[in-house]
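Numbering (this note's numbering), first residue to last: 135 to 683.
Yeah, the Cβ is synthetic: ideal placement off N, Cα and C, and Gly gets one too.
All figures in this text were calculated on a predicted structure; none of them were measured in a lab.
Take a look at the structure below.
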């Protein structure tokens, strides 16, 4: 007890000893997630050298001491390391409890997250973790006196000696255990992305540079020849097309009854003649990637966000062709895909039947539906961007009367709920989305005498619900499980729409059962189904083309 009191009352450290203390803290405490992961990996190997195991935290310590010495200078140390401690504690929390990896894509997702979405991740447990792991050490750092009473020459010599010692330790470890590190690293390449703080700092710096300091890309218009077919223009004079594109959030294909899931998560649409495409891959594992990617002409394999943000997407091309467009937003942002078309955002700061002052149920998107449609001209496409199954506050996505699967998990720190409760809560969000889709179809049926109506639904990405210790989404695509990359995709056509577009629904149902698709197909499929003729359209990528007579 006296030793603890003596430590807490310790009032002075030097700029050379500061990196040593921080390196020790980061090696053993902050980086517990990767140490835990390494323990799991090594325990599965037939034989592991004891020296190799012992060397891992020593290697981290030496590497961190070298790096932290670069930033341990008067006037810089306190603010830099205090911020690093607090942010790193948050990263450590998310990584340990949810299995989240903070690579470039995750950093991009964080920067593009709105306040309402960000606060949904807060819980008593996350705040406690951050206070103990980050804020308290930062306060201690701010309070302690950091001295340099040896003179500038002595100070530099000691700093260089400390860094040289770190390099020597790393060299010795490499000499004895290089093959072990190489083997484990090569077979588990994601491990380097789990090191705190190096990888998330690198990813954040790269994102900031690309977003705010990179040379601007000249905007490129594509599909300048776009026009609606003569048949579509003629039909628009008497009975226009009304196409509703429902963009889902965080729904995974595995939990859809129409895809073979054993629970009734499609209770409201199962008898409406929905066509469910069973094998569909997303472009990314986060909204910030998947949405701009699927709306762009670029395939997932060569997708580049900077290019996508400075190039026409299928909405721009449709608008150029004379199709009337409207985007209704309930998920905190359109990720810039709708910035050149009319957009209405649901006001979440009000309190009414669907909104509680901070978030809204997706049924809010259907308010003023008839008026929205009437205000549009000619052939129309209405996009409804759902908040869908966005976690971890799944319980906030559906009202009390839609708590079908019980017991659920009415809290944001879902890692403290049972697996049954988490799945029940998530399935309730899928069921509520199904309800919203059914209500949208009901409205479309009421308008069938005026329009040829259709609805298309696809989610941006999936979600992990604790499988293999992973929660939420955003795992690097190459490492992501199918739960995060396989998404539901469904279509509903009125008889008038099928007739006007000459769609063989039996053919499409068969294709939906046996073929594999991805969000790469969306760009061309939407242009095709809306009868937009342009040189950038590729019928081979149109999921409907083969079934149109």
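Asked                                                                                                                                  : Found
Local conformation of residue 345 per DSSP, three classes                                                                              : helix
C-beta atoms of residue 181 and residue 546 nearer than 8 Å                                                                            : no
DSSP state of residue 396 mapped onto helix, strand, coil                                                                              : coil
DSSP state of residue 519 mapped onto helix, strand, coil                                                                              : strand
Nearest to residue 168 (by Cα), restricted to the options 155, 331, 179, 200                                                           : 331
For residue 534, the three-state DSSP class (helix, strand or coil)                                                                    : helix
Proximal residues to residue 404 (C-beta, below 7 Å), its chain only, five neighbours per side dropped                                 : 391, 392
Residue 626, enclosing beta strand (DSSP E) - first and last residue                                                                   : 623-627
Cβ pair residue 592, residue 570 closer than 8 Å                                                                                       : no
Cβ-based burial, residue 362 [other Cβ within 10 Å; buried from 16]                                                                    : buried
Residues near residue 157 in its chain [Cβ-Cβ closer than 7 Å; skip 5 each side]                                                       : 195, 198, 199, 202
Residue 502 versus residue 460 - alpha carbon distance                                                                                 : 13 Å
Beta carbon of residue 428 nearer than 8 Å to that of residue 624                                                                      : no
Reference residue 475, options 456, 450, 184, closest by Cα                                                                            : 450
Enclosing beta strand (DSSP E) for residue 461 [first to last residue]                                                                 : 458-463
Nearest-angstrom Cα separation, counted from residue 447 out to residue 473                                                            : 11 Å
Residue 560 vs residue 520 beta-carbon contact at 8 Å                                                                                  : no
Collapsed DSSP secondary structure at residue 485 in the structure displayed                                                           : strand
Length of the line joining the Cα atoms of residue 333 and residue 478                                                                 : 38 Å
Whole-Å CB distance - residue 568 paired with residue 401, under 8 Å assumed                                                           : 7 Å
Inter-stretch contact at 8 Å, needing at least 3 Cβ pairs: the segment 207-217 / the segment 579-598                                   : no
Per-residue DSSP class, three states only, for residue 583                                                                             : coil
Selected residue, minimal CA-CA separation from residue 440, among 487, 418, 499, 349                                                  : 349
Contacts around residue 250, its chain only, beta-carbon distance under 7 Å, and the 5 residues preceding and following it disregarded : 466, 482, 492, 493
CB contact flag (residue 652, residue 414, <8 Å)                                                                                       : yes
Paired residues, beta bridge with residue 404 - DSSP                                                                                   : DSSP lists no partner for residue 404.
Reduced DSSP category for residue 654 - H, G, I as helix; E, B as strand; rest coil                                                    : helix
DSSP three-state assignment for residue 377, whether helix, strand or coil                                                             : strand
C-alpha gap between residue 183 and residue 604, whole angstroms                                                                       : 29 Å
Counted within 10 angstroms of its Cβ, other Cβ atoms place residue 232 as buried (16 or more) or exposed                              : buried
Bridge-paired residues (DSSP) for residue 573                                                                                          : Looking at the DSSP assignment, residue 573 forms no beta bridge with any residue, so it has no partner.
Close Cβ partners of residue 584 (< 6 Å) along its chain, the five nearest in sequence each way excluded                               : none
Of the residues 268, 674, 608, the one placed nearest residue 657, counting alpha carbons only                                         : 674
Inter-stretch contact at 8 Å, needing at least 3 Cβ pairs: the segment 508-515 / the segment 375-387                                   : yes
For residue 562, the nearest candidate out of 398, 273, 443, 171 (CA to CA)                                                            : 398
Simplified DSSP state of residue 551, which is helix, strand or coil                                                                   : coil
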